[in-house]
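Accompanying notes for the structure given below.
There are 4 protein chains.
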Amino acid sequence: MKIPISKTAPSAPFRSATIELQPQFYDVDPMGVVWHGNYFRFLECARSALLDSFHYGYLEMEKSGYFWPIVETRMKYVSPVALGQKITVTAILVEWENRLRIDYEIFNLATRRRATKAQTTQIAIDKHSREMCFTSPAILFEKLGLSQK
Amino acid sequence: MKIPISKTAPSAPFRSATIELQPQFYDVDPMGVVWHGNYFRFLECARSALLDSFHYGYLEMEKSGYFWPIVETRMKYVSPVALGQKITVTAILVEWENRLRIDYEIFNLATRRRATKAQTTQIAIDKHSREMCFTSPAILFEKLGLSQK
Amino acid sequence: MKIPISKTAPSAPFRSATIELQPQFYDVDPMGVVWHGNYFRFLECARSALLDSFHYGYLEMEKSGYFWPIVETRMKYVSPVALGQKITVTAILVEWENRLRIDYEIFNLATRRRATKAQTTQIAIDKHSREMCFTSPAILFEKLGLSQK
Amino acid sequence: MKIPISKTAPSAPFRSATIELQPQFYDVDPMGVVWHGNYFRFLECARSALLDSFHYGYLEMEKSGYFWPIVETRMKYVSPVALGQKITVTAILVEWENRLRIDYEIFNLATRRRATKAQTTQIAIDKHSREMCFTSPAILFEKLGLSQK
Chain A
890 MKIPISKTAP
900 SAPFRSATIE
910 LQPQFYDVDP
920 MGVVWHGNYF
930 RFLECARSAL
940 LDSFHYGYLE
950 MEKSGYFWPI
960 VETRMKYVSP
970 VALGQKITVT
980 AILVEWENRL
990 RIDYEIFNLA
1000 TRRRATKAQT
1010 TQIAIDKHSR
1020 EMCFTSPAIL
1030 FEKLGLSQK
Chain B
890 MKIPISKTAP
900 SAPFRSATIE
910 LQPQFYDVDP
920 MGVVWHGNYF
930 RFLECARSAL
940 LDSFHYGYLE
950 MEKSGYFWPI
960 VETRMKYVSP
970 VALGQKITVT
980 AILVEWENRL
990 RIDYEIFNLA
1000 TRRRATKAQT
1010 TQIAIDKHSR
1020 EMCFTSPAIL
1030 FEKLGLSQK
Chain C
890 MKIPISKTAP
900 SAPFRSATIE
910 LQPQFYDVDP
920 MGVVWHGNYF
930 RFLECARSAL
940 LDSFHYGYLE
950 MEKSGYFWPI
960 VETRMKYVSP
970 VALGQKITVT
980 AILVEWENRL
990 RIDYEIFNLA
1000 TRRRATKAQT
1010 TQIAIDKHSR
1020 EMCFTSPAIL
1030 FEKLGLSQK
Chain D
890 MKIPISKTAP
900 SAPFRSATIE
910 LQPQFYDVDP
920 MGVVWHGNYF
930 RFLECARSAL
940 LDSFHYGYLE
950 MEKSGYFWPI
960 VETRMKYVSP
970 VALGQKITVT
980 AILVEWENRL
990 RIDYEIFNLA
1000 TRRRATKAQT
1010 TQIAIDKHSR
1020 EMCFTSPAIL
1030 FEKLGLSQK
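Residue numbers (our numbering), protein chains in the order written: chain A, 890 to 1038; chain B, 890 to 1038; chain C, 890 to 1038; chain D, 890 to 1038.
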């Protein structure tokens, strides 16, 4: 999972958002570290910040006539996060033409080590027909300030 | 919080439901016991079983034209539940005329001790007017097999 | 549940902490509002900020030889919080001599209305003997900058 | 992600566990379907049942001197699960020699469709040295009733 270096589209938008979070007592398991499933909440916080940065958060998605459910997730757990350690979560938009793919990196500010890397894939579903869109709808390109090919 | 002994209405329905649950690794905190906030999920499982027993679960509530949001909760934590210990959760309907009050008891099957006792209060809200109902709507009495006074 | 106005101890510490939170998509239920059980996570964030403000968070509690489990919670749900609405959570220390009681208020910044009010009670347990303390241990008074009676 | 058909070791153990679950109100998001991150709790329930079936659940792992943290997860979301729909979660042990890899399938009993497929990878960490084990420790082979090569 590498940060994409777009060779064919040098003018493409490079959208990212980074948030700082303090995992809480309820995030931590009996081994004293954040339970692996709780990181998906942290990803959502960063994804939400990223989508809000170009005004296409959940409420705007719905208004635009599309749902964007997550169809795939992957996560690698590199080093644990213990109680009391702060993290940053960075979300980077890496694909948008046919689906929305976002890559993530969680960095442990206390240990100065990468904690996890992850990716999520979302596809557009027409709210009325409930049909899957094989290319991203025009509204996404507009929101990203791109003219669609 | 006592189990109600109805003196004035000996024929009143005594509705209750008991479920068995195995708290999981993700329910348990760094102290090795179930995190206090997670018990509200366990209550919901038992409440859902109780409401389903008289065919008035969430989907039927919505179909009947009412939402029943929770307006108050209380919980006393009597003894902890550790990883690997099974519990039962009992929900008892104790009020229905003007609001839905349910009392709960969580029992630790491994230690043979009561773990928590709790209560929740729900009131009906008309789905269309969004107004709160000061007495329970007729549909609740029907579902409970009661003729409304 | 009133904000305490200490008449007998005008020099007593008035400890409080307020945090701002953005409830996320995963906090919201099919009715479009924050699920009632999720507010306990929000309380924990504010409680943690309050305890940290006088250097007696979970890790320091454990180091001091005491656990402080929650033995009781209450919450009143006054008005809902919808997706996209920000909140503040205020935690106020209202009792400390024999137990730690904290009162909370969650305020909806979007609607300018109080969302919930709540309280939690914690008691000290000696980490080694596992016995409950009937008065708060000296360390709590030290942390609060108080001389114990 | 295919169910492994072991050609080279026809006598190898084929360990699996299937549980039935009822997703609850708190699992469901504003779109009316289970929030994608909540499936990781369902996986844990099935994984726990699988590991318990050969007496190597979390408590036995710890007793044996090893932690088995999850180092990677993947999930594909094939079709949604709505409120009121029951599911089965099947966990299948597909690798054990150097790491523990488990494949999962979640099946929607109401729609008769596959809901998600997933996998998790765990590696052994020596509890005392905190070092990662490059091959699975002997205890795992014993628990599986296998003689280690």
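From the three backbone atoms N, C-alpha and C, an ideal C-beta is built for every residue, glycine too.
If you're wondering where the values come from, they're calculated on a predicted model, not measured in any experiment.
At a cut-off of 8 angstroms, the C-beta of residue 937 of chain C has a neighbouring C-beta in chain A. Residue 936 of chain B is positioned such that its CB atom lies closer than 8 angstroms to that of residue 980 of chain B. A residue is called buried when at least 16 other Cβ atoms come within 10 angstroms of its Cβ; residue 925 of chain A meets this threshold and is buried. Against residue 930 of chain D, the close residues of chain B are 913, 915, in the order they occur along the chain (beta-carbon pairs closer than 8 angstroms). Look at residue 989 of chain D: its C-beta is not under 8 angstroms from any C-beta on chain B. Collapsing the DSSP output to three states places residue 1012 of chain B in coil. Note that the segment 953-962 of chain D touches the segment 955-964 of chain A; at least 3 beta-carbon pairs, one per stretch, sit closer than 8 angstroms. Nearest C-alpha to residue 904 of chain D among D/954, D/1013, D/941, D/1001: D/941. For residue 972 of chain C, the nearest CB of chain D lies under 8 angstroms from its own CB, placing it at the interface with that chain. Residue 950 of chain A: member of the alpha helix (DSSP H) spanning 947-952, first to last residue. Contact note: residue 919 of chain C reaches chain D through 914, 917, 918, 919, 921, 972, using a C-beta cutoff of 8 angstroms and chain order. Non-local beta-carbon contacts of residue 951 of chain B in its own chain, meaning distances under 8 angstroms to residues more than five positions away in sequence, involve 1016 in chain order.
Along the segment 946-967 of chain C, going in chain order, the ones with a CB nearer than 8 angstroms to a CB of chain A are 946, 947, 948. Residues of chain D with a Cβ closer than 7 angstroms to the Cβ of residue 934 of chain B are, in chain order, 913.
For residue 973 of chain C, same chain residues with a beta-carbon under 8 angstroms away, outside a window of 5 residues either side, are 999 in chain order. When secondary structure is reduced to three states using DSSP, residue 933 of chain D falls in the helix class. Boundaries of the beta strand (DSSP E) around residue 982 of chain C: 976-984.
Judged by beta-carbon spacing, residue 1004 of chain D lies beyond the 8 angstroms limit of residue 1036 of chain D, meaning their Cβ atoms are not closer than that value.
Only residues of its own chain outside the window of five on either side were considered, and among them 971, 972 have a CB closer than 7 angstroms to the CB of residue 921 of chain C, listed in chain order. Within the same chain, and ignoring the five residues on either side of residue 938 of chain B in sequence, the residues whose Cβ sits closer than 6 angstroms to its Cβ are 906, 908. With respect to residue 978 of chain B, residue 993 of chain B sits close: the two C-beta atoms are nearer than 8 angstroms. Neighbours of residue 924 of chain A in chain B, taken as residues whose beta carbon is under 8 angstroms from its own, are 914, 915 in chain order. In its chain, beyond the 5 residues on either side, 1024, 1025 have a beta carbon closer than 7 angstroms to the beta carbon of residue 986 of chain A. By the Cβ-count criterion, residue 1020 of chain C is exposed, with fewer than 16 other Cβ atoms from all chains shown falling within 10 Å of its own Cβ. Counting along the chain, residue 996 of chain B sits inside the beta strand (DSSP E) bounded by residues 989-997. If the five residues before and after residue 933 of chain D are omitted, its C-beta is found closer than 8 angstroms to no C-beta atom of its own chain. Within the DSSP bridge table, the entry for residue 956 of chain A names A/1014 as partners. Residues of the same chain with a CB within less than 6 angstroms of the CB of residue 928 of chain D, apart from the 5 flanking positions on each side, are 1005 in chain order. Sequence-distant Cβ neighbours of residue 945 of chain D in its own chain, meaning closer than 6 angstroms and more than five residues away, are 1032.
A check of alpha carbon separations from residue 916 of chain C across A/930, A/914, A/919, A/916 identifies A/930 as the nearest.
Within the DSSP bridge table, the entry for residue 961 of chain B names B/1010, C/965 as partners. Excluding sequence positions up to five before and after residue 996 of chain C, its CB lies within less than 6 angstroms of the CB of 977, 1003, all in the same chain and listed in chain order. Take the alpha-carbon of residue 991 of chain C and the one of residue 957 of chain C: they are about 13 angstroms apart.
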